[in-house]
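Encoded as structure tokens, the structure appears first; notes follow it.
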Ligand code: ADP
Ligand code: MG
């Protein structure tokens, strides 16, 4: 089921009128979520992710705009008739019910022609439980489950009505780091197996990047960029997207272009054909630095951190807009830690220039 948002806007009245009459939680969203894909809604806390999901599920009414499921306008359709499965961060299982009863719960409210026999409900609950691999735990109570198992019960409960759309709002936030990794792989597997169009909300770029077919990067109720994770990472349209994606984060410098050369401080560090003479913001991915004794870019060497596969060369520079600069190099490369400085050559595709006024991307090609 593809989903289309058309000029979708949600304003909430502001309690503190000094901040304006309204908070625009979702500002004129206009994009399509393709059928059968997993889409990550990504952005910092408060950017409107939950509101977007609530609009799609019908729990909130839009101030303006429309929502289509396939060709059907569902904007006025109540949540229970939209065929969506929902999983929240606080998945709140019923503590006095068993796993089986928790999963069956949404089926018990079906009335009229949709009403199911007890056996049919049990059969469907078992099917959903198998999908998330908790079918051996059906008689347990939530308190007898680990956090990851509880979250799977919540997912099974969302799947049991065979929804056309699955909406997951920060479903992994309550899990510890290892379980979070496991469960996100699990969500990906379930989504691929069921092919249910799924929207996955997170503030964690790593999570969104690793499992999504498409990511929607948002800030302050505004969509900044939509694309395949790697495309967005490689071609951020503005400084916010560039800094929000990637760990360690991109290194940002005050810089200028003169005669098609990028200057950071006094050094000409890269050719930038097609860019007019101007001040720019230069952002360099940690993997964009190549150790090079003869390299054009000199940084103050602070320390070297070896972390398994990679070595992080932590540096400083007077033009840096971030506290530290991190260059990721291979562990077998040699950095002379006794020196005060270290020199690099830059990989052009890992360098992004932005207009300091608009923070929009200034493309150049080598
Ligand atoms: P996210 O899920 O990305 O953290 P939300 O969608 O929850 O963000 O919130 C987006 C913005 O809308 C925030 O500024 C939030 O304070 C505001 N907001 C959300 N729900 C309400 C509400 N019911 N009343 C007033 N403001 C709200
Ligand atoms: Mg939220």
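Numbering (this note's numbering), first residue to last: 3 to 368. Beta carbons: idealized from backbone N, C-alpha and C, even for Gly. In this text the structure is predicted, and so the values were computed from the model without any measurement.
Neighbourhood of residue i by C-beta, 7 Å cutoff - its chain only, sequence neighbours within 5 removed
i	result
residue 12	27, 28, 53, 57, 62, 64, 65
residue 22	16
residue 234	217, 219, 227, 243, 247
residue 51	43, 45, 203, 220
residue 240	226, 356, 361, 362, 363
residue 352	286, 287, 289, 290
residue 181	149, 150
residue 267	319, 320, 321
Identified DSSP bridge partners for residue i
i	result
residue 363	356
residue 402	No statement about residue 402 is possible, as the shown extent of the chain runs from 3 to 368 and does not include it.
residue 49	Per DSSP, none; premise fails for residue 49.
residue 64	DSSP, once it has assigned bridges, lists no residue as partnering residue 64.
residue 348	291
residue 114	In DSSP, residue 114 forms no bridge with anything.
residue 220	225
residue 332	312
residue 34	6
residue 154	Its beta-bridge partners do not exist; DSSP assigns none.
residue 300	345
residue 263	260, 273
Beta-carbon proximity check, residue i vs residue j, cutoff 8 Å
i	j	result
residue 375	residue 285	In the structure as shown, the chain begins at 3 and stops at 368. Residue 375 is therefore absent and cannot be evaluated.
residue 201	residue 89	no
residue 331	residue 313	yes
residue 55	residue 31	no
residue 328	residue 316	yes
residue 339	residue 306	yes
residue 299	residue 269	yes
residue 165	residue 271	no
residue 292	residue 346	yes
residue 335	residue 253	no
residue 144	residue 108	no
residue 333	residue 311	yes
residue 49	residue 222	yes
Spatial neighbours of residue i in its chain, beta-carbon cut-off 8 Å, leaving aside the 5 residues before and after
i	result
residue 92	176
residue 207	44, 246, 247, 248, 249
residue 171	51, 52, 55, 88, 89, 90, 91, 203
residue 275	262, 366, 367, 368
residue 186	174, 209, 212, 213
residue 278	259
residue 137	128, 131
residue 192	133, 134, 157, 161
residue 79	60
residue 118	109, 112, 126
residue 295	345
Check: residue i C-beta below 7 Å from any heavy atom of the ligand ADP
i	result
residue 210	no
residue 315	no
residue 25	yes
residue 45	yes
residue 14	yes
residue 60	no
residue 22	no
residue 48	yes
Check: residue i C-beta below 7 Å from any heavy atom of the ligand MG
i	result
residue 172	yes
residue 52	yes
Nonlocal neighbours in the same chain, by C-beta distance under 6 Å from residue i, ignoring five residues either side
i	result
residue 134	154, 157, 158
residue 101	139, 140, 142, 155
residue 126	162
residue 197	38
residue 67	8, 9, 10, 11
residue 19	none
residue 190	213
residue 81	59, 60, 61
residue 77	68, 69
- Just list the beta strand (DSSP E) runs in the region 156-181, keeping only unbroken ones of 3 residues or longer that don't cross its boundaries, in chain order. Runs of the beta strand (DSSP E) inside the region 156-181: 167-171.
- Counting only runs of 4+ residues fully inside the region 82-138, write out the alpha helix (DSSP H) ranges in chain order. Counting whole runs of 4 or more residues, the region 82-138 contains the alpha helix (DSSP H) stretches 101-110, 120-133.
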